[in-house]
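**Student:** Residue 468 is where the sequence shown ends in the numbering used here, and the numbering goes up by one at each step. One structure is given below, represented as structure tokens, and several questions about it will come after.
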Amino acid sequence: MIINFNIGNYKSFGVDQNFTMVPGRYRKKKFHVYESSKYKALKLSAIFGGNASGKSNFVDALNIFKHMVVTGKVVKTLRDYSFRLANGDDKVSKFELEIALGSEIYAYGIAVDTSKSKIVREYLIRLTKGEEIIYDLDYENEQKYYDEKIINKNNKQRVDIYIQDLKNGELLLNKLSSSNLEISDVFFTTCKNIYDWFKNKLTIIKPNSRPINILGQFVEKNNKKGIIPVIELIKSFDTGITDYKYEILDVDSFLKKIKSDISSDDVELYTSFEEDIKNIKDNEMIEANIEDNYYRISFNKDKKQPKVELLTFEHCFKNEVRFSFNDESDGTMRLIELVNILYSSQFEEKVFVIDEIDRSLHPNLTIEFINKFINIIEDKASQMIITTHETNVMNLDLLRQDEIWIIERNNCGMSSLISLNKYNIRSDKVLDKDYLRGRYGGIPNIEKLLKSKGISSE
Numbered sequence: 011m012i013i014n015f016n017i018g019n020y021k022s023f024g025v026d027q028n029f030t031m032v033p034g035r036y037r038k039k040k041f042h043v044y045e046s047s048k049y050k051a052l053k054l055s056a057i058f059g060g061n062a063s064g065k066s067n068f069v070d071a072l073n074i075f076k077h078m079v080v081t082g083k084v085v086k087t088l089r090d091y092s093f094r095l096a097n098g099d100d101k102v103s104k105f106e107l108e109i110a111l112g113s114e115i116y117a118y119g120i121a122v123d124t125s126k127s128k129i130v131r132e133y134l135i136r137l138t139k140g141e142e143i144i145y146d147l148d149y150e151n152e153q154k155y156y157d158e159k160i161i162n163k164n165n166k167q168r169v170d171i172y173i174q175d176l177k178n179g180e181l182l183l184n185k186l187s188s189s190n191l192e193i194s195d196v197f198f199t200t201c202k203n204i205y206d207w208f209k210n211k212l213t214i215i216k217p218n219s220r221p222i223n224i225l226g227q228f229v230e231k232n233n234k235k236g237i238i239p240v241i242e243l244i245k246s247f248d249t250g251i252t253d254y255k256y257e258i259l260d261v262d263s264f265l266k267k268i269k270s271d272i273s274s275d276d277v278e279l280y281t282s283f284e285e286d287i288k289n290i291k292d293n294e295m296i297e298a299n300i301e302d303n304y305y306r307i308s309f310n311k312d313k314k315q316p317k318v319e320l321l322t323f324e325h326c327f328k329n330e331v332r333f334s335f336n337d338e339s340d341g342t343m344r345l346i347e348l349v350n351i352l353y354s355s356q357f358e359e360k361v362f363v364i365d366e367i368d369r370s371l372h373p374n375l376t377i378e379f380i381n382k383f384i385n386i387i388e389d390k391a392s393q394m395i396i397t398t399h400e401t402n403v404m405n406l407d408l409l410r411q412d413e414i415w416i417i418e419r420n421n422c423g424m425s426s427l428i429s430l431n432k433y434n435i436r437s438d439k440v441l442d443k444d445y446l447r448g449r450y451g452g453i454p455n456i457e458k459l460l461k462s463k464g465i466s467s468e
């Protein structure tokens, strides 16, 4: 779970900003708080703000942080992303996440000189009992430390070699995660668990992104006890979809159609895809999203050849009429993607970050989705962080006050994170009206803009 996220000098976040999932002192909606013996964390947060306020930049910061950890390298384009509207030449961008794994809390952070695509500092600290530094590589001050007490003596030399061989834009955490050890120890196990959290537990969904594992929720038979089938989740949102089927396609016709539709730039990619299909093995499955249609390819044992299936949906119980994913409306497509979160949350603990959750959705569906998420995760250590323009979500019947954040941009183009926790607000307050009046910031100041142009709004 995310406890805190600290960011500085990235895109519109010029100065250090802190986003926290630590709950405030509120008695209402205690089921929105995950509580262990060592920490408490909110399960949900909603971030509001005007256009270009920095909401997407916040999500981008998490996304690029994850990307650097998983690939082990600084993103070369990061040099274009430091805050460029302030005086001074500070080119160091900072990213730090405090996360809870089991009963422990860790802080993992990096500082990057964006002008040189170079790591300035990388560190991992255990925070559960004070601060215990697991490792701290401070390249700027030429200081490198790691906790020898938690490293097996047979592994110490390997750590020294890894640190010595690191290049300017490489991260130690990634190197350690891929190590094959004869003898495991606390140091390597901790680092691998942190890496695994970034790679497999932190899921970021952008407005136009397509989840790569959407087919995983559509299985032929789902009889797991206590698990709501995905089709029942979809039907509960009143989309008109009543069932789904996999339509078997002719392999040669499928490949011929794909080849005719691709651009010249994708010929090499198609050739590789065609070879993968023709060489598919027994018990192997290939999933593909092609032009917003979802296919699965497996091996047909009876015919001893590949089998291609297209995911389709039935409406109004008319079995003879089927629609592919691409045939559905934008709102239904978006909802099917988001339902994957509800389905997987029944048996997995993850952190979902969704940019513009309300895109193409009716306000009531957005609210219903949030309610379903909270109900489904129950006592699991799962979280959802959303950005939205939908003011109906800013409702104390739906959210706790400490779950509501606003991003405001000042005259210099710098974004600030504001928690509604700082305001003394009555529990019966109608927040969205005050928000739209500008009481909490985070809305476009049209009046000020008109005056700056010498235009009267009257």
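Beta carbons are placed, not taken as given, at the ideal position from N, Cα and C, and that holds for glycine.
In the DSSP assignment, find the unbroken alpha helix (DSSP H) run with A71 in it and report its ends.
**Tutor:** The residue labelled residue 71 in the question sits at position 61 within the sequence shown. Going by DSSP, A71 is part of the alpha helix (DSSP H) stretching over 65-81.
**Student:** For the beta strand (DSSP E) holding S103, just list the boundary residues, first then last.
**Tutor:** Within the sequence shown, numbered from 1, the residue matching residue 103 stands at position 93. That run of the beta strand (DSSP E) goes 102-111.
**Student:** Can you tell me which of Y172, E284, P316, T401 puts its alpha carbon nearest to the alpha carbon of K291?
**Tutor:** Counted from its first residue, the sequence shown places residue 291 at position 281. The shortest C-alpha to C-alpha distance from K291 to any of Y172, E284, P316, T401 is the one to P316.
**Student:** Could you give the distance in angstroms between the alpha-carbon of F198 and the alpha-carbon of K177?
**Tutor:** Residue 198 sits at position 188 when you count from the first residue of the sequence shown. Residue 177 sits at position 167 when you count from the first residue of the sequence shown. Straight-line Cα distance between these residues: approximately 20 angstroms.
**Student:** May I have the straight-line CA-CA distance separating K439 from N385, to the nearest angstrom?
**Tutor:** If you number the sequence shown from 1, residue 439 lands on position 429. If you number the sequence shown from 1, residue 385 lands on position 375. Cα atoms of K439 and N385: separation of roughly 24 angstroms, rounded to the nearest angstrom.
**Student:** Give the secondary structure of S246 by DSSP, where H, G and I count as helix, E and B as strand, and everything else as coil.
**Tutor:** Your numbering for residue 246 matches position 236 in the sequence shown. In the structure shown, S246 adopts coil according to DSSP, grouped into three states.
**Student:** Is it right to say R419 is buried, meaning 16 or more other beta carbons lie within 10 angstroms of its own, or is it exposed?
**Tutor:** Locating residue 419 in the sequence shown gives position 409, where the first residue counts as 1. Its Cβ being crowded by 16 or more others within 10 Å, R419 is buried.
**Student:** Please classify G464: does DSSP put it in a helix, a strand, or coil?
**Tutor:** For this step, residue 464 is matched to residue 454 along the sequence shown. Its pLDDT being 49, under 50, G464 is placed unreliably by the model, and the measurement read from it follows with that caveat. DSSP places G464 in coil when its eight states are reduced to three.
**Student:** With a 10 Å radius around its C-beta and 16 neighbouring C-beta atoms as the bar for buried, classify G140 as buried or exposed.
**Tutor:** Taking the first residue of the sequence shown as position 1, residue 140 is located at position 130. Here G140 is exposed, its C-beta having fewer than 16 other C-beta atoms within 10 Å.
**Student:** Quick check: what's the CA-CA separation for F357 versus I414?
**Tutor:** Against the sequence shown, residue 357 aligns to sequence position 347. Against the sequence shown, residue 414 aligns to sequence position 404. Just so you know, the alpha carbons of F357 and I414 end up roughly 27 angstroms apart.
**Student:** Smallest Cα separation from F93: which of D170, I287, S429, S425?
**Tutor:** Walking along the sequence shown from the start, residue 93 turns up at place 83. Checked all of D170, I287, S429, S425; the closest Cα to F93 is S425.
**Student:** Out of I171, N165, L182, which one is the CA nearest neighbour of D148?
**Tutor:** Position 138 of the sequence shown holds residue 148. Ranking I171, N165, L182 by Cα distance to D148 puts L182 first.
**Student:** Give the secondary structure of E457 by DSSP, where H, G and I count as helix, E and B as strand, and everything else as coil.
**Tutor:** Indexing the sequence shown from 1 puts residue 457 at position 447. Residue placement at E457 is poorly supported in this model, since its pLDDT is 48, which falls under 50; the coordinates are not used for a value here.
**Student:** With DSSP run on the structure shown, which of helix, strand or coil describes Y36?
**Tutor:** For the purposes of this step, residue 36 is taken as residue 26 along the sequence shown, with counting starting at 1. Three-state DSSP puts Y36 in coil, outside helix and strand.
**Student:** Give the straight-line distance between the Cα atoms of T81 and K266, rounded to the nearest whole angstrom.
**Tutor:** Taking the first residue of the sequence shown as 1, we reach residue 81 at position 71. Taking the first residue of the sequence shown as 1, we reach residue 266 at position 256. Roughly 35 angstroms between the two C-alpha positions.
**Student:** What do you get for G18, buried or exposed, if any count of 16 or more other CB atoms within 10 angstroms of its CB means buried?
**Tutor:** Sequence index remark: in the sequence shown, residue 18 carries index 8 (1-based). Classification of G18: buried, given that the 10 Å Cβ count is 16 or more.
**Student:** Mark T87 as exposed unless 16 or more other C-beta atoms lie within 10 angstroms of its C-beta, in which case mark it buried.
**Tutor:** Here residue 87 is taken as the residue at index 77 of the sequence shown, counted from 1. Result: exposed.
**Student:** Have a look at G24 and D195 and give me their C-alpha separation to the nearest angstrom.
**Tutor:** Against the sequence shown, residue 24 aligns to sequence position 14. Against the sequence shown, residue 195 aligns to sequence position 185. Cα to Cα, G24 sits roughly 39 angstroms from D195.
**Student:** For K39 and Y133, what's the separation of their Cα atoms in angstroms?
**Tutor:** Counting from one through the sequence shown, the residue named residue 39 turns up at place 29. Counting from one through the sequence shown, the residue named residue 133 turns up at place 123. Rounded to whole angstroms, K39 to Y133 spans 36 angstroms at the Cα level.
**Student:** Using alpha carbons as the reference points, say which of Q174, C422, R168, S339 lies closest to K154.
**Tutor:** For the purposes of this step, residue 154 is taken as the residue at position 144 of the sequence shown. Out of Q174, C422, R168, S339, Q174 has the C-alpha closest to the C-alpha of K154.
**Student:** Could you check if S282 is buried or exposed, using at least 16 other CB atoms within 10 Å of its CB as the buried criterion?
**Tutor:** Residue mapping note: residue 282 aligns to position 272 of the sequence shown, counting from 1. So S282 ends up on the exposed side.
**Student:** DSSP beta-bridge partners for Q315?
**Tutor:** As a position in the sequence shown, residue 315 is number 305, starting the count at 1. Its beta-bridge partners are N310.
**Student:** With H, G and I counted as helix, E and B as strand and the rest as coil, what does DSSP make of L371?
**Tutor:** By 1-based counting over the sequence shown, the position of residue 371 is 361. Coil, per DSSP.
**Student:** Who are the Cβ neighbours of K461 in its own chain at under 7 angstroms, not counting the five residues just before and after it?
**Tutor:** Here residue 461 refers to the residue found at position 451 when the sequence shown is read from its first residue. Residue placement at K461 cannot be trusted, given a pLDDT of 47 that sits under 50; what the coordinates show is reported in the next sentence. Nothing listed; no residue qualifies.
**Student:** Could you tell me whether the stretch 368-381 touches the stretch 400-410, where touching means 3 or more Cβ pairs closer than 8 angstroms?
**Tutor:** yes
**Student:** Between which two residues does the alpha helix (DSSP H) carrying V277 extend?
**Tutor:** In the sequence shown, counting from the first residue as 1, residue 277 sits at position 267. Its alpha helix (DSSP H) spans residues 277-288.
**Student:** Starting from the Cα of S437, find the closest Cα among G423, I417, L408 and give me that residue.
**Tutor:** Here the question's residue 437 lines up with position 427 in the sequence shown. Taking only the C-alpha atoms, the option nearest S437 is L408.
**Student:** With burial defined as no fewer than 16 other Cβ atoms inside 10 Å of the residue's Cβ, what is the status of N184: buried or exposed?
**Tutor:** Position 174 of the sequence shown holds residue 184. With 16 or more other Cβ atoms within 10 Å, it is buried.
**Student:** Could you check if A51 is buried or exposed, using at least 16 other CB atoms within 10 Å of its CB as the buried criterion?
**Tutor:** Taking the first residue of the sequence shown as 1, we reach residue 51 at position 41. By the 10 Å Cβ count, A51 comes out buried.
**Student:** For M404 and D442, which I take to be in contact (beta-carbon distance under 8 angstroms), what is that distance rounded to the nearest angstrom?
**Tutor:** The residue labelled residue 404 in the question sits at position 394 within the sequence shown. The residue labelled residue 442 in the question sits at position 432 within the sequence shown. Contact flag correct, Cβ pair sits at about 5 angstroms.
**Student:** Between the stretch 100-108 and the stretch 41-57, do three or more beta carbon pairs fall short of 8 angstroms?
**Tutor:** no
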